[in-house]
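Per our numbering, the sequence shown starts with residue 74, numbered consecutively.
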Amino acid sequence: MTEALLAAERRRRNIRIVLFGVILVTLPLYCLGFVLWATGPQNRDDAITPTATATLTPIGQDISQTPTVTPIPVLATATPISPILPTPGQFNPPPPVVIPPTVFIPPTATAVTIPTSTPAPTLTPIPTNTS
């Protein structure tokens, strides 16, 4: 079990080292970016060259308007809306039930029987070839 924990801790340490190395490698690039940003050209309005202005030529300029009859709008009818309902009550979860820990009962000593000595087994004789 401890070997697995040590392996996980080693793996975590290696990941931290790699990520810290990435941070250290990118810091000079951030510094360079800030320096270039600070020393870059500033926006100046006098440096902008004037461009040609667009002229408005509407389509149908030669067409004259003709009077038209506008219809009288129909009176709008009100659609019934539902009454505003009261805000629903807030849900308050019940407090957690604290269950007291169980009482620890230590194991009791049991009688240990020690076997008596037994005679050692005898070797089986090797068969001889009697043909």
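Cβ coordinates follow ideal geometry from the N, Cα and C atoms, glycine included.
{"query": "Determine the DSSP secondary structure at VAL147, reduced to helix, strand or coil.", "result": "coil"}
{"query": "For GLN115, which residues of its own chain have a beta-carbon under 6 angstroms away from its beta-carbon, when the five flanking residues on both sides are left out?", "result": "none"}
{"query": "With DSSP run on the structure shown, which of helix, strand or coil describes ALA162?", "result": "Looking at the sequence shown, residue 162 is not Ala but Gly. Coil."}
{"query": "From THR189 to ILE88, what distance separates their C-alpha atoms?", "result": "59 angstroms"}
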